[in-house]
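The listed protein sequences correspond, in order, to chains G and S. Residue 117 in the working numbering sits at position 117 of the first sequence, and the numbers go up by one each step. To convert, count from 1 in the second sequence and add 441; that's the working numbering. Yeah, the Cβ is synthetic: ideal placement off N, Cα and C, and Gly gets one too. Working notes for the structure below.
Protein chains: 2
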Amino acid sequence: MQILAPRHVIQTHPTVEVLENTCVLIDQDRIVQVGTREELTHAFPQADMVELPHQALMPGLINCHTHAAMNLLRGAADDLALHDWLQTRIWPLEGELADGEFVYDGAVLAAAEMLLGGTTTFNDMYFYPEQTVQAALDVGARVVAGITVIEFPTRYAAEPRQYIELGLQARDKYRDEPTVHWAVAPHAPYTVSDETFAHLATLAEELDLPIHCHLHETASEVSDAVSRHGERPFERFERLGLINERLLVVHGVHLSDRELACMAKAGSSLVHCPSSNLKLASGLAPTAKALAAGVNVVVGTDGAASNNKLDLWEEGRLASLLAKGSSGDATVWPAHRLIQSWTVDAARALGLENHIGQIAPGFLADLITVNIDLHPHQLPIHNLVSKLAYSGAARDVQDVWVNGRQVVRAQQLQGAAAQLLPEILRKTQRVWQTRVEKVGR
Amino acid sequence: MQILAPRHVIQTHPTVEVLENTCVLIDQDRIVQVGTREELTHAFPQADMVELPHQALMPGLINCHTHAAMNLLRGAADDLALHDWLQTRIWPLEGELADGEFVYDGAVLAAAEMLLGGTTTFNDMYFYPEQTVQAALDVGARVVAGITVIEFPTRYAAEPRQYIELGLQARDKYRDEPTVHWAVAPHAPYTVSDETFAHLATLAEELDLPIHCHLHETASEVSDAVSRHGERPFERFERLGLINERLLVVHGVHLSDRELACMAKAGSSLVHCPSSNLKLASGLAPTAKALAAGVNVVVGTDGAASNNKLDLWEEGRLASLLAKGSSGDATVWPAHRLIQSWTVDAARALGLENHIGQIAPGFLADLITVNIDLHPHQLPIHNLVSKLAYSGAARDVQDVWVNGRQVVRAQQLQGAAAQLLPEILRKTQRVWQTRVEKVGR
Numbered sequence: 001m002q003i004l005a006p007r008h009v010i011q012t013h014p015t016v017e018v019l020e021n022t023c024v025l026i027d028q029d030r031i032v033q034v035g036t037r038e039e040l041t042h043a044f045p046q047a048d049m050v051e052l053p054h055q056a057l058m059p060g061l062i063n064c065h066t067h068a069a070m071n072l073l074r075g076a077a078d079d080l081a082l083h084d085w086l087q088t089r090i091w092p093l094e095g096e097l098a099d100g101e102f103v104y105d106g107a108v109l110a111a112a113e114m115l116l117g118g119t120t121t122f123n124d125m126y127f128y129p130e131q132t133v134q135a136a137l138d139v140g141a142r143v144v145a146g147i148t149v150i151e152f153p154t155r156y157a158a159e160p161r162q163y164i165e166l167g168l169q170a171r172d173k174y175r176d177e178p179t180v181h182w183a184v185a186p187h188a189p190y191t192v193s194d195e196t197f198a199h200l201a202t203l204a205e206e207l208d209l210p211i212h213c214h215l216h217e218t219a220s221e222v223s224d225a226v227s228r229h230g231e232r233p234f235e236r237f238e239r240l241g242l243i244n245e246r247l248l249v250v251h252g253v254h255l256s257d258r259e260l261a262c263m264a265k266a267g268s269s270l271v272h273c274p275s276s277n278l279k280l281a282s283g284l285a286p287t288a289k290a291l292a293a294g295v296n297v298v299v300g301t302d303g304a305a306s307n308n309k310l311d312l313w314e315e316g317r318l319a320s321l322l323a324k325g326s327s328g329d330a331t332v333w334p335a336h337r338l339i340q341s342w343t344v345d346a347a348r349a350l351g352l353e354n355h356i357g358q359i360a361p362g363f364l365a366d367l368i369t370v371n372i373d374l375h376p377h378q379l380p381i382h383n384l385v386s387k388l389a390y391s392g393a394a395r396d397v398q399d400v401w402v403n404g405r406q407v408v409r410a411q412q413l414q415g416a417a418a419q420l421l422p423e424i425l426r427k428t429q430r431v432w433q434t435r436v437e438k439v440g441r
Numbered sequence: 442m443q444i445l446a447p448r449h450v451i452q453t454h455p456t457v458e459v460l461e462n463t464c465v466l467i468d469q470d471r472i473v474q475v476g477t478r479e480e481l482t483h484a485f486p487q488a489d490m491v492e493l494p495h496q497a498l499m500p501g502l503i504n505c506h507t508h509a510a511m512n513l514l515r516g517a518a519d520d521l522a523l524h525d526w527l528q529t530r531i532w533p534l535e536g537e538l539a540d541g542e543f544v545y546d547g548a549v550l551a552a553a554e555m556l557l558g559g560t561t562t563f564n565d566m567y568f569y570p571e572q573t574v575q576a577a578l579d580v581g582a583r584v585v586a587g588i589t590v591i592e593f594p595t596r597y598a599a600e601p602r603q604y605i606e607l608g609l610q611a612r613d614k615y616r617d618e619p620t621v622h623w624a625v626a627p628h629a630p631y632t633v634s635d636e637t638f639a640h641l642a643t644l645a646e647e648l649d650l651p652i653h654c655h656l657h658e659t660a661s662e663v664s665d666a667v668s669r670h671g672e673r674p675f676e677r678f679e680r681l682g683l684i685n686e687r688l689l690v691v692h693g694v695h696l697s698d699r700e701l702a703c704m705a706k707a708g709s710s711l712v713h714c715p716s717s718n719l720k721l722a723s724g725l726a727p728t729a730k731a732l733a734a735g736v737n738v739v740v741g742t743d744g745a746a747s748n749n750k751l752d753l754w755e756e757g758r759l760a761s762l763l764a765k766g767s768s769g770d771a772t773v774w775p776a777h778r779l780i781q782s783w784t785v786d787a788a789r790a791l792g793l794e795n796h797i798g799q800i801a802p803g804f805l806a807d808l809i810t811v812n813i814d815l816h817p818h819q820l821p822i823h824n825l826v827s828k829l830a831y832s833g834a835a836r837d838v839q840d841v842w843v844n845g846r847q848v849v850r851a852q853q854l855q856g857a858a859a860q861l862l863p864e865i866l867r868k869t870q871r872v873w874q875t876r877v878e879k880v881g882r
């Protein structure tokens, strides 16, 4: 039982507020009470005081779209359009290299990068999700793992039913882990059949899982579908009953006003991945329109092969700036809304809105502190919400708790992860860089 | 006399190359020789070896547009369009607060933020340039100070001739400082008269100075000029003889194809400030077209009140990603070109191409090291140029030399700056935050 005593507490719901003289009592995995120092020390005299005089305390950030394993491919394919990137570089590399070992090692790097930067939860889609889950557990992050499905065979699975079966087995294996959650994750409309989508929609309903899928990432994805099948992928999703509150539309670069209205009405979420969309020249997602339409718009980094960072501070700032610049309205996606996109809104997208994303009694203690002390890139702080949104940086994150356990202290991973990470980093230099280079030749 | 022995040296001209087994001999203010360890230790046995086994050595980054003093206004005006931002927030704040003390303290914070992040030179425009120069000297950065001119009176000066006179006096005062350079810096077409522009064009010619001016930042700047005076500001600049190789067009969000061709032919530079343009909803500069037209396109952060960071890594990455995303061509502004935009191209824009921006004999030793060791946000490094361009971060900068003097060592300012910075940071918390708040009310 601990009383966290930061300089400020960031409230994220129902409005974003900077609270003064506010402490947070955590016990086991949960936030028990939020109150003044006097209230909490009086009510819980046996609790340990954790003094955080130079820090703001806020909920951990939530990354709504990752391919964690792809950290091993960071920088292996740059300055290429999506089609070339995928077909001439990424798929051949994955075909050669993406086995369970690759996924575990890459996911360790990704989870560590994210945790050290204040991202406590990531929503992942990749082969061998069991390995990603084990990496998240070993590093200390919360994960929403994808029961990932693609129509064609890979070394991971031969056909859709096997992908699903393997995902469900992994889900069973980790069912007692409180930091492991699941989604169904069909890859994309152009790689998954109607039959498989229908099956996954049913599965999501039965198991109460989010549906995590790339959709309308590029103009050619949409136009190819129209010319081949006479319908836009979004229309196909409507026909298949996939446009509902479980759905996370990843990318959604090319969505019509009608489609945005439809998403808003259905309660679907748009996962905006601006760096990846820009870097692969997919375009600019209509986030200003989506926000105006009432869509739940959240942020993801995508994988390190197309970003090339898993830095939600930079990604969220970019999302907000792009929404303003592309709409011509500087008031769009303001700082306080971005704080919500990173936390409560992201939790809602993942169906975890009653568990993470807020500092309130009963919520899980997924918390971070941001140093707001004497550094020239920080000061002055006229407005802490603005500071976090527009000048926030991964390097400012000091401490991280996931499910009540402190996993980062003074910018260092704690526990077994502190030994694991250097091992995987050395192996990355020694082994993975060479393997990737060989395939590249 | 020192031999710097990094793991890699980044060559920036004529092509970007990652050099192995390459050391750099610096003596006094200059790079004397680049060669193998064996060559240099044999030729200069008396030189000290500086082992940098986990670092890449590259030229310091060059920030082509700043208002350093405005670091004190970071976060004081967010989520506002340019007009409101300027007229309801920034000008009233500046009117009340922007004296010499404000400029010095703000510029100390800005120069420190930039130096610690690997930016060794900044091209500044602000009132009291003498104070900015003194701050740069005290912190250890190279500065191109603006002889800043605006038509209307401020507490700094009463009318254009006085702005110019004060700027020239400051230039005289610091004429023996090798890290202080000058530009003429008329604020913008909408705040400077033809007569003043003509005077400054002559002055720039006589003194061989760059011309640093905001131009075509917003659509309304252009349309207002057309409706009031019947010509676009760019056309006015043509008429006044300002479109030449000395000119840095800052922002240039709204430039026609003809204007870009004209800039390319004249050898003018475009200073792209993407964060500021997006945040103030000014729009997206046509950088892909500008690059294709042969314009020298470089990057600036603008001031901290509209960015809200002075981080050239993030700004350059954003510039490259935006060029790809807005043009639909993922090959535009590739990683190697960005390295040049930060260094050789920026030096050229400032007329310093024979002095900074390259690691080559005879160039001034403005150098930085980037840690490329075991951190999860860094590895793997399949391609060091890509790593620097797309995953580079201020936090990775370890050491900085300006004019041969080591001003940052192990991420800390050296010498008197190590005392000065904490003083100014404390004063910022204690004094400036309160003063800004008072005006804000």
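Check                                                                                                                                                                       : Outcome
With 8 Å as the threshold, decide whether the Cβ of S:Tyr-831 is near any Cβ in chain G.                                                                                    : yes
Are there 16 or more other CB atoms within 10 angstroms of the CB of G:Phe-237, so buried, or fewer, so exposed?                                                            : buried
Tell me the DSSP secondary structure of G:Cys-213 in three-state form.                                                                                                      : strand
How would you label G:Lys-324, buried or exposed, when you count the other beta carbons within 10 angstroms and need 16 or more for buried?                                 : buried
Quick one: give me the first and last residue of the alpha helix (DSSP H) that G:Val-108 is part of.                                                                        : 100-116
What does G:Arg-395 touch in chain S if you count any residue whose Cβ is under 8 Å from its own?                                                                           : Ala-834, Ala-835, Arg-836
In this structure, how does DSSP classify G:Val-133 when only helix, strand and coil are distinguished?                                                                     : helix
First and last residue of the beta strand (DSSP E) that includes G:Pro-6?                                                                                                   : 2-11
Which residue's Cα is closest to the Cα of S:Leu-753: S:Gln-781, S:Ala-771, S:Ala-729, S:Glu-658?                                                                           : S:Gln-781
Can you pull the chain G neighbours of S:Trp-532, defined as C-beta to C-beta under 7 Å?                                                                                    : Under the 7 Å cutoff, chain G gives no residues; its nearest Cβ is about 17 Å from S:Trp-532.
Within 10 Å of its beta-carbon, does G:Met-125 have 16 or more other beta-carbons around it, so buried, or fewer, so exposed?                                               : buried
Kindly indicate if chain S contains any beta-carbon less than 8 Å away from that of G:Pro-6.                                                                                : no
Would you kindly report the start and end of the unbroken alpha helix (DSSP H) that includes G:Val-439?                                                                     : 433-440
So with CB distances below 8 Å, who are the chain S contacts of G:Arg-426?                                                                                                  : Leu-815
Any Cβ of chain S within less than 8 Å of the Cβ of G:Arg-74?                                                                                                               : yes
Please state whether DSSP places S:Ala-509 in a helix, a strand or coil.                                                                                                    : helix
Would you call the CB atoms of G:His-229 and G:Val-222 closer than 8 Å?                                                                                                     : no
Between which residues of its own chain and S:Ile-451 is the CB-CB distance below 8 Å, once the five residues before and five after are set aside?                          : Val-457, Glu-458, Val-459, Leu-460, Ala-497, Leu-498, Met-499, Pro-500, Ile-780, Ile-800, Leu-825, Val-826, Leu-829
Given G:Pro-233, which residues of its chain have a CB within under 7 Å of its CB, disregarding the five upstream and five downstream residues?                             : Pro-189, Leu-215, His-216, Glu-221, Val-222, Ala-225
Name, please, each residue of chain G whose Cβ falls closer than 9 Å to the Cβ of S:Asn-462.                                                                                : In chain order: nothing, as chain G lies at least about 18 Å away.
Using a Cβ-Cβ distance under 8 Å, would G:Gln-169 count as near chain S?                                                                                                    : no
Would you say S:Asp-698 faces chain G, with C-beta separation under 8 Å as the test?                                                                                        : no
Following the continuous alpha helix (DSSP H) through G:Ala-347, name the residue where it begins and the one where it ends.                                                : 344-349
Going by CA-CA distance only, name the one from S:Trp-623, S:Gly-881, S:Leu-578, S:Ser-710 that's closest to S:Leu-862.                                                     : S:Leu-578
List the residues of chain S that G:Lys-449 touches, going by C-beta distances under 8 Å, in chain order.                                                                   : Residue numbering for chain G in the displayed model covers 1 to 441; residue 449 of chain G lies beyond these limits and cannot be assessed.
Once you ignore the five residues that flank S:Arg-438 on each side, which residues in its own chain have a CB closer than 7 Å to its CB?                                   : This structure gives no information on residue 438 of chain S, because the portion of chain S shown stretches from 442 to 882.
How close, in whole Å, do the beta carbons of S:Thr-477 and S:Asn-462 come, if the pair is a contact with beta carbons under 8 Å?                                           : 6 Å
Note down, in chain order, every chain G residue with its Cβ under 8 Å from the Cβ of S:Thr-772.                                                                            : Asp-79, Leu-80, Ala-81
In this structure, how does DSSP classify G:Ala-330 when only helix, strand and coil are distinguished?                                                                     : coil
Residue range of the alpha helix (DSSP H) that S:Thr-728 falls in?                                                                                                          : 728-734
Have a look at G:Asp-396 and G:Glu-195 and give me their C-alpha separation to the nearest angstrom.                                                                        : 47 Å
Quick check: the segment 59-79 of chain G against the segment 786-796 of chain S, are at least 3 beta-carbon pairs closer than 8 Å?                                         : no
Considering only C-alpha positions, which residue in the set S:Pro-486, S:Leu-725, S:Thr-573 is nearest to G:Leu-278?                                                       : S:Leu-725
Within 8 Å of any Cβ in chain S, is that where the Cβ of G:Val-436 sits?                                                                                                    : yes
Given a limit of 7 Å on CB to CB distance, which residues of the segment 39-71 of chain G reach chain S?                                                                    : none
Evaluate S:Lys-879 with the Cβ neighbour count: other Cβ atoms within 10 Å of its Cβ, from every protein chain shown; 16 or more gives buried, anything less gives exposed. : exposed
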